[in-house]
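See structure below.
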Amino acid sequence: MRQHISFNLNGRPVSMDVGAHEDAVDVLRRRNLFGARESCGQGLCGCCTIKVDGVPVSGCLTLGLKLDGAEVETVEGLEREGVLDIVQQAFIDAGAFQCGFCTPGFVMMASDLLARVEAPTDEQIKDHLAGNLCRCAAYPEIIAAVRAAAEKRSAHAQV
Numbered sequence: 001m002r003q004h005i006s007f008n009l010n011g012r013p014v015s016m017d018v019g020a021h022e023d024a025v026d027v028l029r030r031r032n033l034f035g036a037r038e039s040c041g042q043g044l045c046g047c048c049t050i051k052v053d054g055v056p057v058s059g060c061l062t063l064g065l066k067l068d069g070a071e072v073e074t075v076e077g078l079e080r081e082g083v084l085d086i087v088q089q090a091f092i093d094a095g096a097f098q099c100g101f102c103t104p105g106f107v108m109m110a111s112d113l114l115a116r117v118e119a120p121t122d123e124q125i126k127d128h129l130a131g132n133l134c135r136c137a138a139y140p141e142i143i144a145a146v147r148a149a150a151e152k153r154s155a156h157a158q159v
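The sequence shown begins at 1 in full-length UniProt numbering and counts up one residue at a time.
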């Protein structure tokens, strides 16, 4: 059984038919968005992190039907007019990845943290990112990237 849903995806309205069994990652794939990646399928690794109504969720555990009427943001939606978000650029500059599989989830959670805390401590960063796993162990670079993004945002806010 399929149901028609409508929601805002990265600031744009979309409508589509969704099966009762489809999770949010499946729905996003059908919209050609591949940043949120299903890895564990149990909401334990953070690779599939997206925001629904401003709250980070595991895309693998969120039914596609739950997106109906929601504001959905993916890592692809952080970019504006061809310019990477400060967090995305900080991850590149810090080399905060190896294989890159987990990076979109980390970027989404880091972006969420910086929207809440202007200058997080390393402990706050670690705590907020605790639900995201990196098999390549790029954790020091990830923390450095979040710290750098916070500093850059702070500098931009002062201008």
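For each residue, glycine too, the CB sits at the ideal point set by N, CA and C.
The structure displayed is predicted, hence computed values, not measured ones.
Measuring straight from C-alpha to C-alpha, what distance separates H4 and N32?
Cα to Cα, the separation comes out at about 18 Å.
Any idea what DSSP makes of T49, helix, strand or coil?
Three-state result, T49: strand.
Would you call F34 buried or exposed, if buried means 16 or more other Cβ atoms sit within 10 Å of its Cβ?
It is exposed - the Cβ of F34 has fewer than 16 other Cβ atoms within 10 Å.
Can G69 and V18 be called in contact, C-beta distance under 7 Å?
Result no, Cβ atoms of G69 and V18 do not sit closer than 7 Å.
Any idea which residues DSSP pairs F7 with across the strands?
Answer by DSSP bridge pairing, in chain order: V14.
If you count every other CB in all the chains shown that lies within 10 Å of the CB of S15, and 16 or more means buried, which is it?
S15 comes out exposed.
Taking L129 as the reference, which of V75, T74, T49 has the closest Cα?
The shortest C-alpha separation from L129 is found at T49.
Check G19 in the structure and name its three-state DSSP category.
Residue state, collapsed to three classes: strand.
Once you ignore the five residues that flank L113 on each side, which residues in its own chain have a CB closer than 8 Å to its CB?
Hits under 8 Å: P120, Q124, I125, H128, L129, V146.
What would DSSP say about E73, mapped onto helix, strand or coil?
Strand at E73.
Closest to residue 162 by C-alpha separation, out of V27, G82, I92, F91, would be which residue?
What is shown of the chain runs 1 to 159, which leaves residue 162 out entirely.
With DSSP as the reference, label S39 as helix, strand or coil.
Three-state result, S39: coil.
Please report the residue range of the alpha helix (DSSP H) in which V146 lies.
First-last of the alpha helix (DSSP H) with V146: 139 to 158.
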